[in-house]
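Chemist: Heads up: the sequence shown runs through residues 966 to 1192, numbered per the numbering used here. Just so it is clear, CB atoms sit at the ideal spot from N, CA and C, and this is done for glycine as well. Structure incoming, see below.
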Amino acid sequence: MSFPSVSLYRGPVYYLPKNPFREVAKVKAPKRKPIFLSLEQAESLLEHTKGRIIYHYILIALNTGARRSEICNLRWKDVDLRNRTIRLYGKGSKERTIPITEKLFDYLKTREKKEGYVVPGARIPNEVAHQFRKYTNDLSLFEFNFHSLRHTYASWLVQNGVNLKIIQELLGHEDISSTMVYAHLASDSRFHAVRTIDRLWSETQKYEIGEKESANEMKQQPVKKAV
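So this is what it looks like as structure tokens:
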């Protein structure tokens, strides 16, 4: 099969003295607030995946905030049950050691081995994401992906008053700005923090009242005359 020859015409080329779009301000798309599972949704997901490989990934992610790749590469040599910590290798092989929850400790203790990977089977991040989507769709949790488990871990911490700097360290964020996406959840936590000052004042007032009562009792006691 022959193709007809194509002749290309190249006309004159004109150049603008400067790019007219250079002065146009770039419009940044607003960052979407991270979505996270409720405790009830997380429990339903764990129950639904029990007995499946994906269950291990979900349980570890919810209790550590680890990324898919970090869980795929988690070995038993990185698990310290005596000190209740695990060592994770994040982006750029950056290492961080984080404490584990009681729930994760119980899970790891029943499965403890001396070597090998913590999660059995194939450790392919994309396959983990695919399996997660399959089971979340079963529960009509269409808006969530595997990374939502990391958001869930961080969001639960913020909602319970944990400092964003601590969460940055737990998640392995290099820049605090990455952690600030959870700041909007800390509004109630700020009120909770101020209540700490109220408790301090309350304790001080109790101490002062106690001192006054003791002083009044001393004044009311009759002075014994010397014989």
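Quick test of the definition: if touching needs 3 or more C-beta pairs under 8 Å, does the region 1107 to 1118 touch the region 1029 to 1036?
Modeler: Short answer: they touch.
Chemist: Taking Ile1051 and Leu1039 to be in contact with their CB atoms under 8 Å, please state how far apart those CB atoms are, rounded to whole angstroms.
Modeler: One-based indexing of the sequence shown puts residue 1051 at position 86. One-based indexing of the sequence shown puts residue 1039 at position 74. Yes, Ile1051 and Leu1039 are in contact; Cβ-Cβ is about 7 Å, under 8 Å.
Chemist: Which first and last residues belong to the alpha helix (DSSP H) in which Ile1131 is found?
Modeler: The sequence position of residue 1131 within the sequence shown is 166, counting from 1. Its alpha helix (DSSP H) spans residues Leu1129 to Leu1136.
Chemist: How far does the beta strand (DSSP E) with Arg1061 in it extend, from its first residue to its last?
Modeler: Translated into the one-based positions of the sequence shown, residue 1061 becomes position 96. Arg1061 -> beta strand (DSSP E) spans Glu1060 to Pro1064.
Chemist: With a Cβ-Cβ cutoff of 9 Å, do Leu945 and Leu1010 count as a contact?
Modeler: Because the chain is modelled from 966 through 1192, residue 945 falls outside the range shown and cannot be assessed.
Chemist: In whole angstroms, what is the alpha-carbon distance linking Asp1163 and Ala1148?
Modeler: For the purposes of this step, residue 1163 is identified with residue 198 of the sequence shown, where counting begins at 1. For the purposes of this step, residue 1148 is identified with residue 183 of the sequence shown, where counting begins at 1. Between Asp1163 and Ala1148, the C-alpha separation is close to 23 Å.
Chemist: Hey, how far is the Cα of Ser1002 from the Cα of Val989?
Modeler: Looking up residue 1002 in the sequence shown gives position 37. Looking up residue 989 in the sequence shown gives position 24. In the sequence on display, residue 1002 carries Leu and not Ser. Looking at the two C-alpha atoms, the distance is approximately 40 Å.
Chemist: Please confirm if the region 1051 to 1071 is in contact with the region 1085 to 1096, defined as three or more CB-CB distances below 8 Å between the two stretches.
Modeler: With a cut-off of 8 Å, the region 1085 to 1096 and the region 1051 to 1071 do not count as touching, because too few Cβ pairs lie within range.
Chemist: Beta-carbon separation of Gln1006 and Leu1106 under 9 Å?
Modeler: In the sequence shown, counting from the first residue as 1, residue 1006 sits at position 41. In the sequence shown, counting from the first residue as 1, residue 1106 sits at position 141. Cβ atoms of Gln1006 and Leu1106: closer than 9 Å.
Chemist: Assuming Leu981 is part of the beta strand (DSSP E), what are its boundary residues?
Modeler: On the sequence shown, position 16 is the one that residue 981 refers to. From DSSP, Leu981 is part of no beta strand (DSSP E); its letter is neither H nor E.
Chemist: For the candidate residues Lys1042, Ile1089, Val1146 and Tyr1020, whose alpha-carbon lies nearest to that of Tyr1100?
Modeler: Reading the sequence shown from its first residue, position 135 is the one you call residue 1100. Closest by alpha carbon: Tyr1020.
Chemist: Residue range of the alpha helix (DSSP H) that Arg1017 falls in?
Modeler: Position 52 of the sequence shown, counted from the start, is the residue given in the question as residue 1017. It is not in any alpha helix (DSSP H) - Arg1017 carries neither H nor E in the DSSP assignment.
Chemist: In terms of residues, what are the limits of the alpha helix (DSSP H) holding Arg1052?
Modeler: Reading the sequence shown from its first residue, position 87 is the one you call residue 1052. It is not in any alpha helix (DSSP H) - Arg1052 instead sits in the beta strand (DSSP E) that spans Thr1050 to Tyr1054.
Chemist: Out of curiosity, what's the CA-to-CA distance linking Leu981 and Arg987?
Modeler: If you number the sequence shown from 1, residue 981 lands on position 16. If you number the sequence shown from 1, residue 987 lands on position 22. Straight-line Cα distance between these residues: approximately 12 Å.
Chemist: What is the DSSP secondary structure of Trp1084, reduced to helix, strand or coil?
Modeler: Taking the first residue of the sequence shown as 1, we reach residue 1084 at position 119. As written in the sequence, residue 1084 is Val, which differs from the Trp given in the question. Looking at Val1084 - three-state DSSP - the assignment turns out to be coil, as it is neither helix nor strand.
Chemist: With H, G and I counted as helix, E and B as strand and the rest as coil, what does DSSP make of Asp1045?
Modeler: By 1-based counting over the sequence shown, the position of residue 1045 is 80. Note: Asp1045 maps to strand in three-state DSSP.
Chemist: Looking at Ile1063: is its Cβ nearer than 9 Å to the Cβ of Glu1134?
Modeler: What you label residue 1063 is simply residue 98 of the sequence shown in a count that begins at 1. What you label residue 1134 is simply residue 169 of the sequence shown in a count that begins at 1. Yes. Within cutoff.
Chemist: Classify Asn984 as buried or exposed, calling it buried when 16 or more other Cβ atoms lie within 10 Å of its own Cβ.
Modeler: Here residue 984 is taken as the residue at index 19 of the sequence shown, counted from 1. By the 10 Å Cβ count, Asn984 comes out exposed.
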